[in-house]
Amino acid sequence: MKSLCIDLFKNCSATSLAGTRSSRVLTYRFQRTNYQTHLPSTKLTFSSYSTKTCFATLSAVTSEVEEKQTFNPDKAGELVKELRNSFNSGRTKSYEWRMSQLENIAKMLEEKEKEITEALYKDLSKPEVEAFISEIVTAKSSCNEALKELRQWMIPQKVNTSITTFPSSAEIVSEPLGVVLVISTWNFPFLLSLDPVIGAISAGNAVALKPSEIAPATSSLLAKLVEEYLDNSAVKVVEGAVPETTALLEQKWDKILYTGSARVGRIVMAAAAKHLTPVILELGGKSPAVVHSDVDLQVAVRRIIAGKWALNNGQACIGVDYIITTKDFVPKLIEALKIELEQFFGKDAMNSKDISRIVSSTQFKRLAKLLDEDKVSDKIVLGGQMDENQLKIAPTILLDIPEESQLMQEEIFGPLMPIVTVEKIEDSFDVINSRPKPLAVYVFTNNEQLKKGFVENISSGGMLFNDTVLHVSISGLPFGGVGESGMGSYHGKFSFDGFSHKKAVLYRSFSGDSSLRYPPYTPEKQRLLKAVISGDIFSIILALIGWSK
1 MKSLCIDLFK NCSATSLAGT RSSRVLTYRF QRTNYQTHLP STKLTFSSYS
51 TKTCFATLSA VTSEVEEKQT FNPDKAGELV KELRNSFNSG RTKSYEWRMS
101 QLENIAKMLE EKEKEITEAL YKDLSKPEVE AFISEIVTAK SSCNEALKEL
151 RQWMIPQKVN TSITTFPSSA EIVSEPLGVV LVISTWNFPF LLSLDPVIGA
201 ISAGNAVALK PSEIAPATSS LLAKLVEEYL DNSAVKVVEG AVPETTALLE
251 QKWDKILYTG SARVGRIVMA AAAKHLTPVI LELGGKSPAV VHSDVDLQVA
301 VRRIIAGKWA LNNGQACIGV DYIITTKDFV PKLIEALKIE LEQFFGKDAM
351 NSKDISRIVS STQFKRLAKL LDEDKVSDKI VLGGQMDENQ LKIAPTILLD
401 IPEESQLMQE EIFGPLMPIV TVEKIEDSFD VINSRPKPLA VYVFTNNEQL
451 KKGFVENISS GGMLFNDTVL HVSISGLPFG GVGESGMGSY HGKFSFDGFS
501 HKKAVLYRSF SGDSSLRYPP YTPEKQRLLK AVISGDIFSI ILALIGWSK
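Numbering of the sequence shown is given in the UniProt record's numbering, commencing with residue 1 and proceeding in unit increments.
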């Protein structure tokens with residue numbers, strides 16, 4: 001940054017700067033994207049005495065600015081301390097505070113809808129309707145449910161006690177964990193930031209949000225809106241990239257929720273393990289769509305497209321990663337996909353306004369490399385067009401690519417759709433089970449026995465029959481992975497529970513104190529104690545009168 005500033009003024013001279021004895025202030029905005037830090041407006045002050053003085057002052061000021069802008073572990077520690085002070089004050093635990101924050105989030109979603117959709121378009125060229133449905137409406141639904149149900153969620157859950165504690169009562173109390181960290185991702189940068197924050201606030205926690213730097217417009221907007229609408233002593237946003245995230249992960253948190261890749265998930269989990277911090281990891285994986293020949297083909301294909309190319313152009317952890325169908329049925333399936341894709345996006349999908357672009361040049365090059373791999377590119381049956389300048393890749397279908405190809409080994413996260421063929425549809429069990437457990441499995445069939453077989457034999461984060469993605473809209477269902485696709489879950493009350501500790505509480509009075517539990521342990525006490533623990537009323541009576549079975 002210092003060298004950049006000096007270059008801007010390398011042509012300044014003593015004469016040109018000496019027109020006045022007063023200092024001059026110039027303001028510039030330095031912005032770095034991708035894995036670099038976003039720096040705010042920086043004021044640089046220059047003396048008008050001489051060129052040498054100009055450069056010296058510039059050097060000192062820019063060094064000072066750089067130092068101030070560094071978010072290091074010390075700064076992260078100060079942030080956590082402030083959040084913990086707010087939590088320890090007890091303010092975030094109250095029903096009133098939680099409701100006020102949720103009401104402000106609901107207000108924000110209503111008032112800032114246009115700004116949110118604009119930010120999403122800047123980051124991903126996300127169509128307005130798709131942004132509204134997949135991000136704003138879903139966030140509103142989550143917030144409204146919390147507003148409606150929070151009082152009920154906070155009520156302690158009564159549980160039965162046993163004869164050994166009679167007389168007594170017991171309950172499970174949901175208490176906030178404390179200070180939590182949410183690390184969001186870029187593909188649904190608004191929803192996947194705000195939804196966990198809603199859960200954390202509902203549970204009564206102080207929370208720090210780290211949005212993804214790969215979606216800079218949304219990250220900046222989130223920082224602005226949180227500062228404007230929420231209690232900044234208890235809810236904070238940290239913008240930045242790898243250094244900022246690393247500094248945050250060095251701190252002691254009471255829970256961390258991370259959404260992203262399994263590779264980074266391992267880093268997050270390793271950092272959390274140093275402090276014995278529990279984690280929720282929402283990762284992903286290769287989520288298949290299995291298509292049987294007994295389906296309504298047009299409806300099935302339209303729903304697959306909705307769960308792939310109409311869902312952030314395949315850049316979604318719950319999106320369809322690949323299709324499995326039989327060799328006999330695949331020609332009909334491919335033809336139906338071609339027809340419906342043209343209906344959705346026109347003859348030239350590259351120019352469609354209803355499909356998102358690839359988020360960055362890095363992701364574009366990764367996808368292009370997957371497609372250019374040996375024995376892969378010649379398997380394209382539809383699409384394959386790419387425009388790096390616009391970061392666009394057409395919906396692309398590939399048939400029976402090699403199993404060892406990277407396209408079949410890693411999560412695609414883009415508009416490429418391999419189709420794997422099997423002799424009979426039941427063979428799809430082996431195809432899915434040969435890979436790490438996916439975040440979702442989508443099965444298209446009217447065969448009830450086949451449905452039962454999938455439920456019983458396939459382990460996945462979620463499972464949906466005859467549609468894609470919509471299971472995440474059901475707040476009564478947990479959203480989360482298993483194995484490589486993640487751990488823990490959230491959505492609806494599961495978010496509240498995920499950020500709460502379930503404290504076991506037993507209440508007893510001073511009455512009903514039995515000598516049975518205290519020494520000396522006589523044979524009579526032993527018989528009665530065994531009878532009481534067994535819960536056998538007849539044995540208890542016999543023990544009381546001195547008899548035994």
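Glycine residues also receive a C-beta, built at the ideal position from the N, C-alpha and C atoms.
Computed from a prediction, not measured in an experiment: that's the story for all the values here.
Residue i burial status per 10 Å Cβ neighbour count (16 or more: buried)
i, result
"Val455", "exposed"
"Lys210", "buried"
"Glu484", "buried"
"Ala349", "buried"
"Ser539", "buried"
"Ile432", "buried"
"Ala273", "exposed"
"Glu303", "It is Arg, not Glu, that sits at residue 303 in the sequence shown. Buried: at least 16 other Cβ atoms inside 10 Å."
"Ala270", "exposed"
"Leu58", "Legend: pLDDT at Leu58 = 36, less than 50; position of this residue unreliable, no value from coordinates given."
"Lys437", "buried"
"Ile537", "exposed"
"Ile393", "buried"
Run of the alpha helix (DSSP H) containing residue i, from where it starts to where it stops
i, result
"Phe345", "Val330 to Phe345"
"Lys158", "First-last for Lys158: Gln157 to Val159, but that is the beta strand (DSSP E), not the alpha helix (DSSP H)."
"Val268", "Ala262 to Ala273"
"Lys126", "Run containing Lys126: none; DSSP gives neither H nor E here."
"Leu150", "Thr138 to Met154"
"Ala234", "Looking at the DSSP string, Ala234 is not in any alpha helix (DSSP H), and its letter there is neither H nor E."
"Ile105", "Tyr95 to Glu111"
Three-state secondary structure (DSSP) of residue i
i, result
"Ala241", "coil"
"Ser41", "Confidence is the limiting factor: at Ser41 the pLDDT is only 37, short of 50, which leaves the residue's position unreliable, though a coordinate-based value still follows. Of the three classes helix, strand and coil, the one that applies to Ser41 here is strand, per DSSP."
"Asp497", "helix"
"Glu410", "coil"
"Ala131", "helix"
"Phe465", "strand"
"Gly512", "coil"
"Cys5", "Low confidence applies to Cys5: its pLDDT is 38, below 50, so where it sits in the model is not reliable enough to give any reading."
"Met449", "The question names Met, but residue 449 in the sequence shown is Gln. Gln449 falls in the helix class under three-state DSSP."
"Pro523", "helix"
"Thr185", "coil"
"Pro288", "strand"
"Ala362", "One detail in the question is off: residue 362 reads as Thr in this sequence, not Ala. Three-state result, Thr362: helix."
"residue 557", "The requested residue 557 does not occur in the structure, where the chain is confined to residues 1 to 549."
"Ala217", "helix"
"Phe479", "strand"
"Phe87", "helix"
"Ala504", "strand"
"Leu387", "It should be noted that the sequence gives Asp, not Leu, for residue 387. Of the three classes helix, strand and coil, the one that applies to Asp387 here is strand, per DSSP."
Check whether residue i and residue j have beta carbons under 8 Å apart
i, j, result
"Ile183", "Ile280", "no"
"Leu341", "Ile305", "yes"
"Val301", "Leu337", "yes"
"Lys140", "Tyr229", "no"
"Val179", "Trp97", "no"
"Ala76", "Ala203", "no"
"Pro395", "Pro415", "yes"
"Gly486", "Leu181", "no"
"Phe429", "Pro243", "no"
"Ile318", "Val472", "yes"
"Pro176", "Ser511", "no"
"Ser356", "Gln315", "yes"
"Leu399", "Val330", "yes"
"Val482", "Gly453", "no"
"Val268", "Leu249", "yes"
"Leu470", "His292", "no"
Terminal residues of the beta strand (DSSP E) in which residue i lies
i, result
"Glu171", "Ser168 to Pro176"
"Leu398", "Thr396 to Leu399"
"Glu282", "Val279 to Glu282"
"Met417", "Leu416 to Val422"
"Leu257", "Lys255 to Thr259"
"Tyr322", "Tyr322 to Thr326"
"Val472", "Element bounds for Val472: n/a, residue is neither H nor E."
"Leu209", "Ala206 to Lys210"
"Phe190", "First-last for Phe190: undefined, no H or E at that position."
Neighbour flag for residue i against chain C, beta carbons, 8 Å
i, result
"Pro176", "No chain C is part of this structure, which consists of one protein chain only."
Can you find at least 3 beta carbon pairs, one from the segment 178-190 and one from the segment 528-540, that sit closer than 8 Å? Judged by Cβ distances under 8 Å, the segment 178-190 makes no contact with the segment 528-540, as fewer than three pairs qualify.
Evaluate contact between the segment 83-91 and the segment 222-240, counting only Cβ atoms and requiring at least three cross-stretch pairs below 8 Å. Taking one beta carbon from each stretch, the segment 83-91 and the segment 222-240 have 3 or more pairs nearer than 8 Å; the two touch.
Can you confirm whether the segment 490-505 touches the segment 169-181 when touching is taken to mean that 3 or more C-beta pairs between the two stretches lie within less than 8 Å? Flag = yes, the segment 169-181 and the segment 490-505 touch.
Below 8 Å, can you find three or more Cβ-Cβ pairs linking the segment 146-153 to the segment 451-466? The segment 451-466 and the segment 146-153 do not touch, with fewer than three beta-carbon pairs separated by less than 8 Å.
The segment 314-325 / the segment 286-294 touching (three or more Cβ pairs under 8 Å): Here the segment 314-325 lies against the segment 286-294, with 3 or more beta-carbon pairs under 8 Å apart.
Could you check whether the segment 210-221 touches the segment 118-134, counting it as contact only if at least three pairs of C-beta atoms, one from each stretch, sit closer than 8 Å? Judged by pairs of C-beta atoms under 8 Å, the segment 210-221 touches the segment 118-134, as three or more such pairs exist.
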